[in-house]
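*Asks:*
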Ligand SMILES: [Zn+2]
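Residue numbers (our numbering): 58 to 162.
Next comes the structure, spelled out in structure tokens:
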């Protein structure tokens, strides 16, 4: 079993992604939106900037997204959901593009 992140870690992750919402109001949709905005901004393939700084921002954003997704899973997703099996996320084939589960979020 996965252990859900504690509230403090989830809050730190929300701050990393710049999500101004209360933790209990954060949705997968919002996390995905913020993460994509950051990824677009700093990913070397998008920005042409291969410096370490942006790469670090991206790797922190990836970690923060994982923490928040686990937080949201633990607090909102339906564990019996047949679409996402409780993850709150469905895969769509493209890079960075797990989509919010249409049934849970
Ligand atoms: Zn679902």
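We put the CB at the ideal spot given by N, CA and C, even for glycine.
Values in this document were obtained by computation on a predicted structure and should not be read as measured data.
Buried or exposed: residue 144, going by 16 or more other Cβ atoms within 10 Å of its Cβ?
*Replies:* Position 87 of the chain shown, counted from the first residue, corresponds to residue 144. Buried, since its Cβ has 16 or more Cβ neighbours within 10 Å.
*Asks:* Just to check, is the beta-carbon of residue 160 closer than 7 Å to a non-hydrogen atom of ligand 1?
*Replies:* Taking the chain shown and counting its residues from 1, one reaches residue 160 at position 103. Yes.
*Asks:* Return yes when at least one heavy atom of ligand 1 lies under 7 Å from the C-beta of residue 115, else no.
*Replies:* Against the chain shown, residue 115 aligns to sequence position 58. Incorrect: residue 115 has no Cβ contact closer than 7 Å to ligand 1.
*Asks:* So, with DSSP's three-state summary, where would you put residue 148?
*Replies:* What you label residue 148 is simply residue 91 of the chain shown in a count that begins at 1. In this structure, residue 148 counts as strand in the three-state DSSP scheme.
*Asks:* Who are the near neighbours of residue 117 in its chain, counting only those whose CB is closer than 6 Å to its CB and skipping five residues on each side?
*Replies:* Residue numbering aside, residue 117 sits at position 60 when the chain shown is read from its first letter. Same-chain partners within the cutoff: 73.
*Asks:* Looking only at its chain, what residues have a beta carbon closer than 6 Å to the beta carbon of residue 114, apart from the 5 residues adjacent to it on each side?
*Replies:* By one-based count along the chain shown, residue 114 stands at place 57. These residues qualify, in order along the chain: 99.
*Asks:* Find out if the Cβ-Cβ distance for the pair residue 80, residue 94 is shorter than 8 Å.
*Replies:* Taking the first residue of the chain shown as position 1, residue 80 is located at position 23. Taking the first residue of the chain shown as position 1, residue 94 is located at position 37. Against a cut-off of 8 Å, the Cβ pair of residue 94 and residue 80 comes out as no contact.
*Asks:* Buried or exposed for residue 137, please, with buried defined as at least 16 other CB atoms from any protein chain shown within 10 angstroms of its CB.
*Replies:* Numbered from 1 along the chain shown, position 80 holds the residue referred to as residue 137. So residue 137 counts as exposed.
*Asks:* For residue 111, which of helix, strand or coil comes out of DSSP?
*Replies:* Position 54 of the chain shown, counted from the start, is the residue given in the question as residue 111. In the structure shown, residue 111 sits in a helix (DSSP, three-state: H, G or I).
*Asks:* Closer than 8 Å by C-beta to residue 26: which residues in its own chain qualify, once you throw out the five before and the five after it? Chain order, please.
*Replies:* Since the first and last residues shown for the chain are 58 and 162, residue 26 lies out of range.
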